[in-house]
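Here is the structure we will look at, set down as structure tokens.
In our numbering, the protein residues as written are -9 to 713.
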């Protein structure tokens, strides 16, 4: 019988390893410590003791033991891998990478170290390097399920969805009951637009792990995409029953309820999410935005304390949500830069090469979710109709919900090629646009609702343009130009735009001079207005109204006897809050009259019952301003600094009424009061507007189309010369 080796713990390490695999970390730590007293120079024992301390969540002791093992057996790849894994769990990624690279120099065919290295690379934002490490690990160990799963996650984060799906399928071949693989496969399929397959995968994950709040939350997201809102709500509720503090479920529920118009419930879910995770700025921004929609002006007090850092430091926030809270183009630019989607990583299947300089017509591609009865199409319809087909081919790509109607049918007839791409992935849309040979791609959404601006990160065309939808910079290097004019982006503010500015000679905003105004025989009384008395009007959405304008408006109502304020009915909470705010300022709430939603032509017709449109500050009237001017209703604005705060000034300049643009709140109030008290002056302005709307550039659709085309051709020529 052989005596045990006095210098090696021998089979004892195998026993400790078995206990460790059973999760008996305390027992392993005790036995390893006893053995170390007998074998103090055993690197393997120190390594085992380190693993036990790590399992017991004692990182300092674990690090001491792993370092001891590495000192005793320098270059041992297993010990280095364990020390690196500890560093990685602590967020010490540079140290982890250093140890793993050292381990791999000693043992290049070490798949576990390659796996850990990939995870560290992901933490450092080095996704391409992570993919390379995982593929190398899988060449060494093809049945390494964890590596297949990790590879799928990295590829999905890069938007390489076909490859990600393949990796998840391979994981499930090796581990058929892998809950996380089914869940993430479902997410990837959803991102591909394969919604039925995604539902099958997520439901399989639920069968395996019904107590997971996460998978119920993801199913809710999918059901919302499938336009099954009540089932989505049910899924979010199940997630919250399992985990009442599930932040993503509260946030997703809030966003769905917002879209359903249940704003009070939406705000409550955002509040509950923040109660659990107060530091999530993206949710706070959404909560503040919805509070603005219901005119809960406590949001402005909250913003005052946070606005200097919200979306600027730390987490990115939805930039549009912040526009109404301040007029600060520098901060808005920072928010856009932080929020802008990043270009995807390397593509396994490269996109079709971009078209070279066109020999014939320039191909323009317009991308939007709003190709239906929507403000964007009211503005764009004339330009699309009047484009010079001898010089341009026009393509429209609709990724919004299909809403059949006159405006959509007219659009389809006015373009050369219409593509409904709502069910395609971003990658597939990019491939389609490239196959069409688009020369200049226009984003008509920007950072507004239902945007898919991430499409442009894939470079749809040689030139990409931020146009009309978002009133500000996109903050991304892949947007080459923004369409504007010298009023809406003055010279002093151009440094805050990442895009080069395409200046149109008049207003940047297109208009259709064939927009119909209904022929109606209505009276003021039909709309709840007094038959006599001055009617101040603002048909802007409620979120644009801030306490600053409202204070002025209430003073005007006090000074102009018998006057009323005619506002758009946005939602019942806004109406109640605005009436309450009026009462607090000494104004009878009945002097606020709310206009219900009407078909567009009828809405334009009712403007004749108002005397003067009075604008909001941080976000002006945009389409609502051109609606008013087209209907013959003068508008007074205060020009601010940011794009959104200068749109009405641009429109008034282009319709020949610069005298209605003010620069200060005092001048704004004084001009409105003067017009209300001097009917002859107001009548002269209305007469001037009636003449100018048919002679000035704002509503000259053909002129706008030619100006727009010349500017676009100049941009194309400059781009081509630079290549």
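In this text, a Cβ means the ideal position worked out from N, Cα and C, and glycines have one as well.
Bear in mind the structure is a predicted one, so any value in this text is a computation, not a measurement.
- Message: I'd like to confirm the pairing. Which residues does DSSP put opposite residue 528 in its beta bridges?
- Response: On the chain shown, residue 528 is found 538 positions in, with the first residue counted as 1. In DSSP, residue 528 forms a bridge with 557.
- Item | Bridge partners - residue 353, DSSP secondary structure assignment | Numbered from its first residue, the chain shown carries residue 353 at position 363. In DSSP, residue 353 forms a bridge with 383.
- Task: Kindly indicate the opening and closing residues of the beta strand (DSSP E) around residue 454.
- Result: Position 464 of the chain shown, counted from the start, is the residue given in the question as residue 454. Taken as a continuous stretch (DSSP letters only), the beta strand (DSSP E) holding residue 454 covers 453 to 456.
- Three CB pairs or more closer than 8 Å across the region 6 to 24 and the region 36 to 55: yes
- Item | Residue burial classification, residue 42 (beta-carbon count within 10 angstroms, cutoff 16) | Mapped onto the chain shown, residue 42 falls at position 52. Flag for residue 42 reads buried.
- Query: Under the rule that 16 or more other beta-carbon atoms within 10 Å means buried, what is residue 355, buried or exposed?
  - Reply: As a position in the chain shown, residue 355 is number 365, starting the count at 1. Buried, since its Cβ has 16 or more Cβ neighbours within 10 Å.
- Item | Run of the alpha helix (DSSP H) containing residue 433, from where it starts to where it stops | Taking the first residue of the chain shown as 1, we reach residue 433 at position 443. Premise fails: residue 433 lies in the beta strand (DSSP E), 430 to 433, not in any alpha helix (DSSP H).
- Does the distance from the C-beta atom of residue 519 to that of residue 593 stay below 7 Å? Translated into positions along the chain shown, residue 519 becomes position 529. Translated into positions along the chain shown, residue 593 becomes position 603. No, they are not a contact pair.
- Task: Going by DSSP, name the residue or residues bridged to residue 471.
- Result: In the chain shown, residue 471 corresponds to position 481, counting from 1. For residue 471, which the question treats as bridged, DSSP gives the partners 455 and 490.
- What do you reckon, are the CB atoms on residue 233 and residue 269 nearer than 7 Å? Taking the chain shown and counting its residues from 1, one reaches residue 233 at position 243. Taking the chain shown and counting its residues from 1, one reaches residue 269 at position 279. No, the pair does not count as a contact, with Cβ atoms beyond the cut-off.
- Identify which residue in 209, 99, 169 and 198 has its Cα closest to the Cα of residue 188. For the purposes of this step, residue 188 is taken as residue 198 along the chain shown, with counting starting at 1. In terms of CA proximity to residue 188, 209 leads the group 209, 99, 169 and 198.
- residue 709 versus residue 603 - alpha carbon distance: Here residue 709 corresponds to residue number 719 of the chain shown, with the count starting at 1. Here residue 603 corresponds to residue number 613 of the chain shown, with the count starting at 1. Roughly 42 Å between the two C-alpha positions.
- Message: Can you tell me whether residue 150 is buried or exposed? The criterion is at least 16 other CB atoms within 10 Å of its CB, across all chains shown.
- Response: Within the chain shown, numbered from 1, the residue matching residue 150 stands at position 160. Its Cβ being crowded by 16 or more others within 10 Å, residue 150 is buried.
- Query: Which stretch, first to last residue, makes up the alpha helix (DSSP H) that contains residue 59?
  - Reply: If you number the chain shown from 1, residue 59 lands on position 69. Per DSSP, residue 59 is one residue of the alpha helix (DSSP H) stretching across 49 to 62.
- N- and C-terminal bounds of the alpha helix (DSSP H) containing residue 535: In the chain shown, the residue the question calls residue 535 occupies position 545. First-last for residue 535: undefined, no H or E at that position.
- Message: I need the boundaries of the beta strand (DSSP E) containing residue 185, first residue and last residue.
- Response: Within the chain shown, numbered from 1, the residue matching residue 185 stands at position 195. Note, residue 185: premise wrong, no beta strand (DSSP E); alpha helix (DSSP H) at 185 to 198.
- Message: Can you look up residue 586 in the DSSP assignment and give me helix, strand or coil?
- Response: By 1-based counting over the chain shown, the position of residue 586 is 596. Three-state DSSP puts residue 586 in coil, outside helix and strand.
- On the DSSP bridge assignment, give the partners of residue 303 in chain order. In the chain shown, the residue the question calls residue 303 occupies position 313. Bridge partners of residue 303: 300.
- For residue 667, does the count of other Cβ atoms within 10 angstroms reach 16, so buried, or fall short, so exposed? Within the chain shown, the letter at position 677 stands for residue 667. It is exposed - the Cβ of residue 667 has fewer than 16 other Cβ atoms within 10 Å.
- To the nearest angstrom, how far is it from the Cα of residue 627 to the Cα of residue 198? Along the chain shown, read from residue 1 onward, the residue named residue 627 stands at position 637. Along the chain shown, read from residue 1 onward, the residue named residue 198 stands at position 208. Each residue's alpha carbon lies about 60 Å from the other.
- Quick one: Cα of residue 139 to Cα of residue 177, how far? As a position in the chain shown, residue 139 is number 149, starting the count at 1. As a position in the chain shown, residue 177 is number 187, starting the count at 1. Roughly 13 Å between the two C-alpha positions.
- Rounded to whole angstroms, how far is the Cβ of residue 410 from the Cβ of residue 388, which I believe are closer than 8 Å? Along the chain shown, read from residue 1 onward, the residue named residue 410 stands at position 420. Along the chain shown, read from residue 1 onward, the residue named residue 388 stands at position 398. Indeed, because the Cβ distance is near 5 Å, the residues count as touching under 8 Å.
- Task: Look at the alpha carbon of residue 441 and the alpha carbon of residue 433, and state the distance between them as a whole number of angstroms.
- Result: The residue you call residue 441 lines up with position 451 of the chain shown. The residue you call residue 433 lines up with position 443 of the chain shown. Take the alpha-carbon of residue 441 and the one of residue 433: they are about 9 Å apart.
- Message: For residue 556 and residue 585, which I take to be in contact (beta-carbon distance under 8 Å), what is that distance rounded to the nearest angstrom?
- Response: Here the question's residue 556 lines up with position 566 in the chain shown. Here the question's residue 585 lines up with position 595 in the chain shown. Yes, they are in contact, since the Cβ atoms of residue 556 and residue 585 sit about 6 Å apart, within 8 Å.
- Query: Can you give the Cα-Cα distance for residue 473 and residue 457, rounded to whole angstroms?
  - Reply: Here residue 473 is taken as the residue at index 483 of the chain shown, counted from 1. Here residue 457 is taken as the residue at index 467 of the chain shown, counted from 1. Approximately 5 Å, taken between the alpha carbons.
- Query: With distances taken from CA atoms, which of 70, 158 and 215 is nearest residue 184?
  - Reply: Here residue 184 corresponds to residue number 194 of the chain shown, with the count starting at 1. Comparing Cα-Cα distances from residue 184 to each of 70, 158 and 215, the minimum goes to 215.
- May I ask which residues mark the beginning and end of the beta strand (DSSP E) holding residue 604? Against the chain shown, residue 604 aligns to sequence position 614. 602 to 604 is the extent of the beta strand (DSSP E) around residue 604.
- Determine, using beta carbons only, whether residue 137 and residue 146 come nearer to each other than 7 Å. To locate residue 137, count along the chain shown from 1; it is residue 147. To locate residue 146, count along the chain shown from 1; it is residue 156. No.
- Item | Unbroken beta strand (DSSP E) run spanning residue 16, endpoints | Here the question's residue 16 lines up with position 26 in the chain shown. Looking at the DSSP string, residue 16 is not in any beta strand (DSSP E); the run it does join, the alpha helix (DSSP H), is 15 to 28.
- Give the DSSP bridge partners of residue 652, in chain order. As a first step, residue 652 must be located in the chain shown, where it is residue number 662. In DSSP, residue 652 forms a bridge with 628.
- Does any residue of chain E bring its CB to less than 7 Å from the CB of residue 493? Among the chains of the structure shown, chain E does not appear; only one protein chain is present.
- Is the region 391 to 406 touching the region 362 to 369 in the sense that three or more CB pairs, one from each, lie closer than 8 Å? yes
- Can you tell me which of 609, 692, 681 and 250 puts its alpha carbon nearest to the alpha carbon of residue 217? For the purposes of this step, residue 217 is taken as the residue at position 227 of the chain shown. Closest by alpha carbon: 250.
- Query: Do residue 691 and residue 376 come within 7 Å of each other at the CB atom, strictly closer than that value?
  - Reply: In the chain shown, counting from the first residue as 1, residue 376 sits at position 386. In the chain shown, counting from the first residue as 1, residue 691 sits at position 701. Yes. Within cutoff.
- Item | Per-residue burial, residue 318 [other beta carbons within 10 Å of its own, 16 or more giving buried] | What you label residue 318 is simply residue 328 of the chain shown in a count that begins at 1. Residue burial is scored here from C-beta neighbours: residue 318 has at least 16 other C-beta atoms within 10 angstroms and is therefore classed as buried.
- Since residue 407 sits in a beta bridge, which residues does DSSP pair it with? Taking the chain shown and counting its residues from 1, the one referred to as residue 407 is at position 417. According to DSSP, which records beta bridges pairwise, residue 407 is partnered with 385.
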